[in-house]
Each structure stands twice: as C-alpha cells, then as structure tokens.
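Accompanying notes for the structure given below.
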Amino acid sequence: MATQRLHFDLDALKQFQEAEYSRNLVLKTAQMEIILTCWKPGHETPLHDHGISEGVALVIEGELFCQEVFPDGFTQQSQITTGEVIFTPKGVSHLLRNNSSQNAVTLNIYTPPLDANAKFLDLPYHNMIEIDPSFGQVLLDSSILQTLFHRA
Ligand SMILES: [Fe+2]
Numbered sequence: 001m002a003t004q005r006l007h008f009d010l011d012a013l014k015q016f017q018e019a020e021y022s023r024n025l026v027l028k029t030a031q032m033e034i035i036l037t038c039w040k041p042g043h044e045t046p047l048h049d050h051g052i053s054e055g056v057a058l059v060i061e062g063e064l065f066c067q068e069v070f071p072d073g074f075t076q077q078s079q080i081t082t083g084e085v086i087f088t089p090k091g092v093s094h095l096l097r098n099n100s101s102q103n104a105v106t107l108n109i110y111t112p113p114l115d116a117n118a119k120f121l122d123l124p125y126h127n128m129i130e131i132d133p134s135f136g137q138v139l140l141d142s143s144i145l146q147t148l149f150h151r152a
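Following my numbering, the numbering of the sequence shown begins with 1 at its first residue and continues without gaps.
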C-alpha cells in the first residue's frame, strides 16, 4: 500500500469551547486515533483509563496538571508543559486539568483507537476532517507529524 499524504490545518482544528475541553479529530484509522484537544483554564477530564489503548499526549501549547493512578494503586501528580509528552500505558488511569490561566492544546495519539471498553467520558468530536474511508490503513508521512510537532 502506498503512503498517503494528508495535509492538516492545525489552526482550523484548534477550536476552544466554553463548557468543556474540545476533542478535534485529526485522523482515525483501524489502528490509531489522533485528536487535538483544546483546554481553556479550568477544563478537566474525569479520572479515566483508555481501555485496551495506549496513548501519548504532546503538549503543544500551555501546561496541564496530570494525576496518574497505576494498577497497584500508586498515584503520582505532575505538571506537564509545552513540549512534554505524557505516555499512558494500558491499565493506567489519569485525569488532566488545565489549572493555569492560559489556554492549553495537546495532540493525543491512541493505539488502537479508544473504544467503548474504556472508562472514558464519551465526549463527541467537535471538529472533524473528512477522511476518505477507502484509505483503509492510512500511513502518516513522517514529515506531517514533524510539522505538527514543530508547531510547538
Ligand atoms: Fe486520557
């Protein structure tokens, strides 16, 4: 299968809501899901896991408070800031909160995509890019990810 080149307008995806953080779908395939998440001050998730998925969240703007709960009950708290990545293995629960006075933006990648088995608040996507379903397995060209990451 040939590599598909997709071009994303990150600024168009970066939309904030008043009531809660927004989840803006960048890309979803059978193997992965990429979401741009936008947080105003005070926005937070409930404590949740990602089911069978592993996830990373790259902070590309601002900072977030993160509380993680490991399967053995061990809990840790941290503040993550622009350029840092949170890795959430399967079995770890966490909550994220923008406890700063500035907006925050994270690029979240889950593999496999989040599913109904996760104890995840079932928030809708707020902003979607239409992907031709005939792509099947979409392979992101590394230059696209570098472009996204270098926006930090
Ligand atoms: Fe999460």
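Note that the Cβ used here is the ideal one computed from N, Cα and C, for glycine as well.
At a threshold of 7 angstroms, does residue 37 count as lining ligand 1 (C-beta to nearest heavy atom)? Along the sequence shown, one-based indexing puts residue 37 at 37. No, ligand 1 has no heavy atom inside 7 angstroms of this Cβ.
Which class does residue 104 belong to by DSSP, given the choice of helix, strand or coil? One-based indexing of the sequence shown puts residue 104 at position 104. Residue 104 falls in the strand class under three-state DSSP.
Give the DSSP-derived three-state secondary structure of residue 12 in the structure shown. Taking the sequence shown and counting its residues from 1, one reaches residue 12 at position 12. Looking at residue 12 - three-state DSSP - the assignment turns out to be helix.
Is the beta carbon of residue 93 less than 8 angstroms from the beta carbon of residue 41? By 1-based counting over the sequence shown, the position of residue 93 is 93. By 1-based counting over the sequence shown, the position of residue 41 is 41. Contact: no.
Which first and last residues belong to the beta strand (DSSP E) in which residue 75 is found? As a first step, residue 75 is located in the sequence shown; it is residue number 75 there, counting from the start. For residue 75, the enclosing beta strand (DSSP E) starts and ends at 75-81.
So for residue 24, helix, strand or coil by DSSP? What you label residue 24 is simply residue 24 of the sequence shown in a count that begins at 1. DSSP places residue 24 in strand when its eight states are reduced to three.
Among the candidates 112, 109, 76, whose CA atom is the shortest distance from the CA of residue 95? Taking the sequence shown and counting its residues from 1, one reaches residue 95 at position 95. Taking only the C-alpha atoms, the option nearest residue 95 is 76.
Find the nearest neighbour of residue 113 within the set 44, 53, 16, 79, judged by alpha-carbon distance. On the sequence shown, residue 113 is found 113 positions in, with the first residue counted as 1. Measuring from the Cα of residue 113, the nearest candidate turns out to be 53.
Put residue 55 into one of helix, strand or coil per three-state DSSP. On the sequence shown, position 55 is the one that residue 55 refers to. Strand.
Taking the C-alpha atoms as reference points, what is the distance between residue 88 and residue 55? For the purposes of this step, residue 88 is identified with residue 88 of the sequence shown, where counting begins at 1. For the purposes of this step, residue 55 is identified with residue 55 of the sequence shown, where counting begins at 1. Those two C-alpha atoms are separated by around 5 angstroms.
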